[in-house]
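Protein chains: 2
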Amino acid sequence: MEQILPHLDSVFSIDCVLFGFDGKELKILLIERNEEPFKDWWALPGNIVGADESLDQSASRILYELTGLRGIYMEQYYAFGDPNRHPQGRVITLAYYALIRLGGDKELRPISTYAKRANWLPITDLPKLAFDHQKIYDKGLEKIKRRIKHQPIAFELLPEKFTLTQLQHVYELVLGKKLDKRNFRKKIVSFGVLKELDEKQKGVSYRAATLYRFDKRKYAKLFGKEISF
Amino acid sequence: MEQILPHLDSVFSIDCVLFGFDGKELKILLIERNEEPFKDWWALPGNIVGADESLDQSASRILYELTGLRGIYMEQYYAFGDPNRHPQGRVITLAYYALIRLGGDKELRPISTYAKRANWLPITDLPKLAFDHQKIYDKGLEKIKRRIKHQPIAFELLPEKFTLTQLQHVYELVLGKKLDKRNFRKKIVSFGVLKELDEKQKGVSYRAATLYRFDKRKYAKLFGKEISF
DNA sequence: ATATAGTGTGTAATTTTTACACTAAGTAAT
DNA sequence: ATTACTTAGTGTAAAAATTACACACTATAT
Numbered sequence: 001m002e003q004i005l006p007h008l009d010s011v012f013s014i015d016c017v018l019f020g021f022d023g024k025e026l027k028i029l030l031i032e033r034n035e036e037p038f039k040d041w042w043a044l045p046g047n048i049v050g051a052d053e054s055l056d057q058s059a060s061r062i063l064y065e066l067t068g069l070r071g072i073y074m075e076q077y078y079a080f081g082d083p084n085r086h087p088q089g090r091v092i093t094l095a096y097y098a099l100i101r102l103g104g105d106k107e108l109r110p111i112s113t114y115a116k117r118a119n120w121l122p123i124t125d126l127p128k129l130a131f132d133h134q135k136i137y138d139k140g141l142e143k144i145k146r147r148i149k150h151q152p153i154a155f156e157l158l159p160e161k162f163t164l165t166q167l168q169h170v171y172e173l174v175l176g177k178k179l180d181k182r183n184f185r186k187k188i189v190s191f192g193v194l195k196e197l198d199e200k201q202k203g204v205s206y207r208a209a210t211l212y213r214f215d216k217r218k219y220a221k222l223f224g225k226e227i228s229f
Numbered sequence: 001m002e003q004i005l006p007h008l009d010s011v012f013s014i015d016c017v018l019f020g021f022d023g024k025e026l027k028i029l030l031i032e033r034n035e036e037p038f039k040d041w042w043a044l045p046g047n048i049v050g051a052d053e054s055l056d057q058s059a060s061r062i063l064y065e066l067t068g069l070r071g072i073y074m075e076q077y078y079a080f081g082d083p084n085r086h087p088q089g090r091v092i093t094l095a096y097y098a099l100i101r102l103g104g105d106k107e108l109r110p111i112s113t114y115a116k117r118a119n120w121l122p123i124t125d126l127p128k129l130a131f132d133h134q135k136i137y138d139k140g141l142e143k144i145k146r147r148i149k150h151q152p153i154a155f156e157l158l159p160e161k162f163t164l165t166q167l168q169h170v171y172e173l174v175l176g177k178k179l180d181k182r183n184f185r186k187k188i189v190s191f192g193v194l195k196e197l198d199e200k201q202k203g204v205s206y207r208a209a210t211l212y213r214f215d216k217r218k219y220a221k222l223f224g225k226e227i228s229f
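Chains as they are written, first to last, in full-length UniProt numbering: chain A, 1 to 229; chain B, 1 to 229.
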């Protein structure tokens, strides 16, 4: 019902679960709060939606302000609106997730000022989180577990060129289980969205693996068809 | 970011896509607006979230006010927040869907007063909708298409006791394609969430089909495992 | 030369999916 | 009671997908 527009004291925010992969571990970006409530607690980065922004724009802006990153695949996945979730008033928050490759190369830009600091923390060992952020994170992880089975989002966590072993590693971390190497390769190659390059991995002290790239064109052609892990 | 709580003039609403099944067609509930903007247009039923309600509570209340129904499976699925989606100001809306069996038996209670009338309209022949409600509906249909493949939501559209043919019919309508009778039965029975009853269908002028019931207990045991169509 | 560590590959068994058509059972009309 | 009608209910064979499983190859480091 939208024909009546009372002015309500409600605040609408966006919180982001930024999943990062450094080649070894899955991490999420957390900030250490510098203000009450939950001063000194770790929390998900978030912010308030601006009056003239679309939700997606707002999420992108927030990501940018916090990390300096642009052009990242982000998706809203759930709205949290328990009336008591924020001790100081009604705040409805919309959760987004993003998947980010953590390169040793470019470091994240220092974040905006509302936090003492920000850190990428491994999801295997998270601290207690402020507000209902544990719930938001849990649901986000659940979401990407589901989504990685059907959509090509794993590539967002990897550099442009990657090996099949690295790709398998990402799947194993997100899904939380081991996969069979031969079967994994058979399947992922059969989807036909990978382009095998003429290049090899560098800087390893063993046989270098072939590099692959995610082929957006091929994927575009598939669209509509279901990928399934 | 939630430590600062400015008072913003933003309105937060919930809109519902209520899918109904009368044994023949899939329908959605629409109301005919009695006020500007979009006076005389058809729109999705919705309302503003109350200050002390959780989102799910709010959705349930709205459903109840509009239909008299309680205890219906409802799920939020997307937030729409384009700054221009409402001509009179910023309204962020959270979309829920619900699945409802339309019985000839109990009729829906008359709805609250903000609309001229409410009607169940077949999804195959929808009028132009107010605001961005077409987009909201489209996304809702997409959502239940996906969900019906993995979750036992089809049963919500059927009476407690139903035949396999009726169940298949629901799947066909939602998925928008014909299914093979034998394969459908084989698969749906193999999930082990149906209880075959000793009863037969009544009032048909041909061989009566066996009735089945959705077995919540068996389903609870399955939980975690993936159902897949 | 040798040790080391990860790459890359094939096959057989099993399970799942698909395509497909007729008989059985009940009702209605004569 | 016969007949016509309508939907219920069932099986199988072929194809495709999934699973389980092990070893030789290659590059590097010493």
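Where a beta carbon is used, it is the ideal one built from N, C-alpha and C, also for glycine. Note that this is a predicted model, so its numbers are computed, not measured.
Of the residues B:Y97, B:P152, B:Y114 and B:T124, which one's Cα is nearest the Cα of K225 (chain B)? As a working note, residue 225 (chain B) is residue 225 in the second sequence. Taking only the C-alpha atoms, the option nearest K225 (chain B) is B:P152.
Kindly indicate if chain A contains any beta-carbon less than 8 Å away from that of D82 (chain B). For this step, residue 82 (chain B) is matched to residue 82 along the second sequence. Nearest CB-CB separation between D82 (chain B) and chain A: below the 8 Å threshold.
C-beta contact flag for K139 (chain A) and A98 (chain A) at 8 Å: Sequence index remark: in the first sequence, residue 139 (chain A) carries index 139 (1-based). Sequence index remark: in the first sequence, residue 98 (chain A) carries index 98 (1-based). Taking 8 Å as the Cβ cut-off, K139 (chain A) and A98 (chain A) do not qualify as a contacting pair.
Can you tell me the Cα-Cα spacing of R217 (chain B) and D132 (chain B), whole angstroms? Start at 1 with the first residue of the second sequence, and residue 217 (chain B) comes out as number 217. Start at 1 with the first residue of the second sequence, and residue 132 (chain B) comes out as number 132. Cα to Cα, the separation comes out at about 40 Å.
For the ligand NAP, is there a heavy atom less than 7 Å away from the beta-carbon of L175 (chain A)? Absent from the structure shown: the ligand NAP. Ligands present: none.
Rounded Cβ spacing between I51 (chain B) and R90 (chain A) (contact assumed at less than 8 Å): For this step, residue 51 (chain B) is matched to residue 51 along the second sequence. For this step, residue 90 (chain A) is matched to residue 90 along the first sequence. Position check: residue 51 (chain B) holds Ala in this sequence, whereas Ile was assumed. That pair is a contact at about 6 Å.
Proximity winner among A:T93, A:R185, A:T67 and A:A118, relative to K135 (chain A) (alpha-carbon distances): Within the first sequence, residue 135 (chain A) is the residue found at index 135, counting from 1. The alpha carbon of K135 (chain A) has as its nearest neighbour, out of A:T93, A:R185, A:T67 and A:A118, the alpha carbon of A:T93.
For A220 (chain B), the three-state DSSP class (helix, strand or coil): Counting from one through the second sequence, the residue named residue 220 (chain B) turns up at place 220. A220 (chain B) falls in the helix class under three-state DSSP.
Tell me whether the beta-carbon of K27 (chain B) lies closer than 8 Å to the beta-carbon of P87 (chain B). If you number the second sequence from 1, residue 27 (chain B) lands on position 27. If you number the second sequence from 1, residue 87 (chain B) lands on position 87. With respect to P87 (chain B), K27 (chain B) sits apart: the two C-beta atoms are not nearer than 8 Å.
Contact set between E53 (chain B) and chain A, taken where Cβ atoms lie within less than 8 Å: Along the second sequence, one-based indexing puts residue 53 (chain B) at 53. Correct list: P83.
Rounded distance between the beta-carbons of H150 (chain B) and I227 (chain B), thought under 8 Å: Taking the second sequence and counting its residues from 1, the one referred to as residue 227 (chain B) is at position 227. Taking the second sequence and counting its residues from 1, the one referred to as residue 150 (chain B) is at position 150. I227 (chain B) to H150 (chain B), Cβ: 6 Å. Contact.
On the criterion of 16 or more Cβ atoms from any shown chain inside 10 Å, does D15 (chain A) qualify as buried, or is it exposed? Reading the first sequence from its first residue, position 15 is the one you call residue 15 (chain A). Buried, by the Cβ-count rule.
Do T163 (chain B) and L211 (chain B) count as a contact pair if the criterion is CB distance below 8 Å? For this step, residue 211 (chain B) is matched to residue 211 along the second sequence. For this step, residue 163 (chain B) is matched to residue 163 along the second sequence. Cβ atoms of L211 (chain B) and T163 (chain B): closer than 8 Å.
For T165 (chain A), is the classification buried or exposed, using 16 other Cβ atoms within 10 angstroms of its Cβ as the cut-off for buried? In the first sequence, counting from the first residue as 1, residue 165 (chain A) sits at position 165. That one is exposed.
Less than 8 Å separating the beta-carbons of P45 (chain A) and A118 (chain A)? For the purposes of this step, residue 45 (chain A) is taken as residue 45 along the first sequence, with counting starting at 1. For the purposes of this step, residue 118 (chain A) is taken as residue 118 along the first sequence, with counting starting at 1. Contact flag set, yes.
For K221 (chain B), which residues of its own chain have a beta-carbon under 6 Å away from its beta-carbon, when the five flanking residues on both sides are left out? The residue given as residue 221 (chain B) occupies position 221 in the second sequence. Taken in chain order, the list of residues that qualify is empty.
S10 (chain A) CB to nearest chain B CB: under 8 Å? In the first sequence, the residue the question calls residue 10 (chain A) occupies position 10. Yes - at least one Cβ of chain B is within 8 Å of the one on S10 (chain A).
R207 (chain A) and L157 (chain A) closer than 8 Å at C-beta: Within the first sequence, residue 207 (chain A) is the residue found at index 207, counting from 1. Within the first sequence, residue 157 (chain A) is the residue found at index 157, counting from 1. Taking the C-beta atoms as reference points, L157 (chain A) is found no nearer than 8 Å to R207 (chain A).
Does the CB of L222 (chain B) have a neighbour CB from chain A at under 8 Å? Translated into the one-based positions of the second sequence, residue 222 (chain B) becomes position 222. At least 8 Å separates the CB of L222 (chain B) from every CB of chain A.
Hey, out of B:G23, B:W42, B:G20 and B:F19, whose CA is closest to L30 (chain B)'s CA? The residue given as residue 30 (chain B) occupies position 30 in the second sequence. The residue among B:G23, B:W42, B:G20 and B:F19 with its C-alpha nearest the C-alpha of L30 (chain B) is B:W42.
With a Cβ-Cβ cutoff of 8 Å, do S10 (chain B) and F12 (chain A) count as a contact? Reading the second sequence from its first residue, position 10 is the one you call residue 10 (chain B). Reading the first sequence from its first residue, position 12 is the one you call residue 12 (chain A). Cβ distance < 8 Å, so S10 (chain B) and F12 (chain A) count as in contact.
Alpha helix (DSSP H) segment containing N183 (chain B), residue limits: Residue mapping note: residue 183 (chain B) aligns to position 183 of the second sequence, counting from 1. From DSSP, the alpha helix (DSSP H) with N183 (chain B) extends over K181 to S190.
Among B:F229, B:P159 and B:R146, which one has its Cα closest to the Cα of R185 (chain B)? Within the second sequence, numbered from 1, the residue matching residue 185 (chain B) stands at position 185. It is B:F229.
Limits of the beta strand (DSSP E) - the one that G20 (chain B) falls within: Position 20 of the second sequence, counted from the start, is the residue given in the question as residue 20 (chain B). Segment V11 to F21, the beta strand (DSSP E) holding G20 (chain B).
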